[in-house]
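Heads up: the sequence lines are chains A and B, in that order. Under the working numbering, the first residue of the first sequence carries the number 1, and numbering increases by one thereafter. Under the working numbering, the first residue of the second sequence carries the number 1001, and numbering increases by one thereafter. Step one of this worksheet: look at the structure below.
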Amino acid sequence: MGAVTPKRRSESGLTLTEVTVVMIIGTMIMAGLVGFYLASQGLWLDASTQAITQREASLVASTIRDKVRASGYAESFWVPDSLHQQLVLYAKKGDPPSYCFWWDPSDSLIHAGPSIGAASSGPMVSSLAERFQVSASTLKPAVRVDLRLRSATGSTVEVGTLAVFMN
Amino acid sequence: MSLNLNERGFSLMEALTGATISVIAVLGLAYSFGVGRGLVNRYEVARAALGEAQSQLEALQLAPRSDPTLAFGYVSPPTPFIYEGASLGTSSWRVLPYDEPSLPGTRNLKRVVVTVRWTSSALSDSVSLERLWVP
């Protein structure tokens, strides 16, 4: 029976201290990576949702501008509160309404359609509207619209536009 | 017993070099996210400025064609450009002659240029919008 030779250093495995140190370092690195990933994802999500809301605000403004230009008369109503109004456009004063824009309190979205609540009408964009104020003066042949949309992550975007009747 | 080269693992220098490259890559990625967020904020103001210029052009349509503020060479005094309650810059317009070759004369159209200038995050920016009008 031969004598048992002592193990070489490379065959002795890891000590508890070495494993602990490696685990601590690995945990710190993983925590840093996860934190960085979550922060980056939050930043990207916030930026992209705000960019979407900005585009939607521009879309609402340009759509209202186009519709007002094709009209000759407008009326606005405070519905349901002082921050939100309905805009009703007419080809000429006395004609039936040609197009409408309004804020629906059931979904907080801006809707548009040939008449308020019509089956063919629906929300224009998916961003919630905190403010939708319309100023349709009988003295000035123009409509002023100010709106504030809120993105999915909570940031707000304001847009104001003025459109002149051209019909 | 000797070990082959591919069984020796990483040296300290190799590990440090790899870690440095990884850190630089991660920092570059983080920087690109920050720059992207900054651009979104910058173009938020730019969109508002474009809306201001469009509104100004629309408002000028309400003025009679003989109005002195629409005469050739007129430069309007700057008015404040306000966004989210803060004055970020100024808005003004100027009226220039425009020569449309298919029309008689050399000053046959008015070129109305509305310019909105603003400063946001120590960065100056501007947007101009113009429209040709029949005098």
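Glycine is no exception: its CB is placed at the ideal position from the N, C-alpha and C atoms. It should be emphasised that the depicted structure is a prediction, and the values quoted were computed from it without experimental measurement.
So the candidates are A:V68, A:V143, A:T153; which of them puts its Cα closest to the Cα of T49 of chain A? Position 49 of the first sequence, counted from the start, is the residue given in the question as residue 49 of chain A. Selected option, being the one with the closest Cα: A:T153.
In the DSSP assignment, find the beta strand (DSSP E) that holds S1055 of chain B and state where it starts and stops. Translated into positions along the second sequence, residue 1055 of chain B becomes position 55. Run containing S1055 of chain B: none in the beta strand (DSSP E); it sits in the alpha helix (DSSP H), 1012-1060.
Which whole runs of the beta strand (DSSP E) in the region 48-78 of chain A are 3 residues long or more, in chain order? 73-78
With the cut-off set at 7 Å, would you say T53 of chain A and L162 of chain A are in Cβ contact? Residue mapping note: residue 53 of chain A aligns to position 53 of the first sequence, counting from 1. Residue mapping note: residue 162 of chain A aligns to position 162 of the first sequence, counting from 1. No, these two residues do not count as a Cβ contact at 7 Å.
Mapping the DSSP letters down to three states, classify D107 of chain A as helix, strand or coil. Here the question's residue 107 of chain A lines up with position 107 in the first sequence. Three-state DSSP puts D107 of chain A in coil, outside helix and strand.
Taking the CB atoms as reference points, tell me whether Y73 of chain A and Y90 of chain A lie closer together than 7 Å. Counting from one through the first sequence, the residue named residue 73 of chain A turns up at place 73. Counting from one through the first sequence, the residue named residue 90 of chain A turns up at place 90. A contact, by the Cβ cut-off of 7 Å.
Could you name the residues of chain A that G1036 of chain B contacts, counting a contact when the two beta carbons are closer than 7 Å? One-based indexing of the second sequence puts residue 1036 of chain B at position 36. Simply A47.
Given K92 of chain A, which residues of its chain have a CB within under 8 Å of its CB, disregarding the five upstream and five downstream residues? Sequence index remark: in the first sequence, residue 92 of chain A carries index 92 (1-based). Hits under 8 Å: G72, Y73, N167.
Counting along the chain, where does the beta strand (DSSP E) carrying L1088 of chain B start and finish? Here residue 1088 of chain B refers to the residue found at position 88 of the second sequence. Per DSSP, L1088 of chain B belongs to the beta strand (DSSP E) from 1086-1098.
For the region 1060-1088 of chain B, which residues have a CB atom closer than 8 Å to at least one CB atom of chain A, in sequence order? Q1061, L1062, Y1083, E1084
Figure out for me which residue from A:L109, A:P114, A:S40, A:S106 has the closest Cα to the Cα of V88 of chain A. The residue given as residue 88 of chain A occupies position 88 in the first sequence. Nearest C-alpha to V88 of chain A: A:P114.
Provide the residue span of the beta strand (DSSP E) that contains V1075 of chain B, from first to last. Residue mapping note: residue 1075 of chain B aligns to position 75 of the second sequence, counting from 1. Per DSSP, V1075 of chain B belongs to no beta strand (DSSP E) and is neither H nor E.
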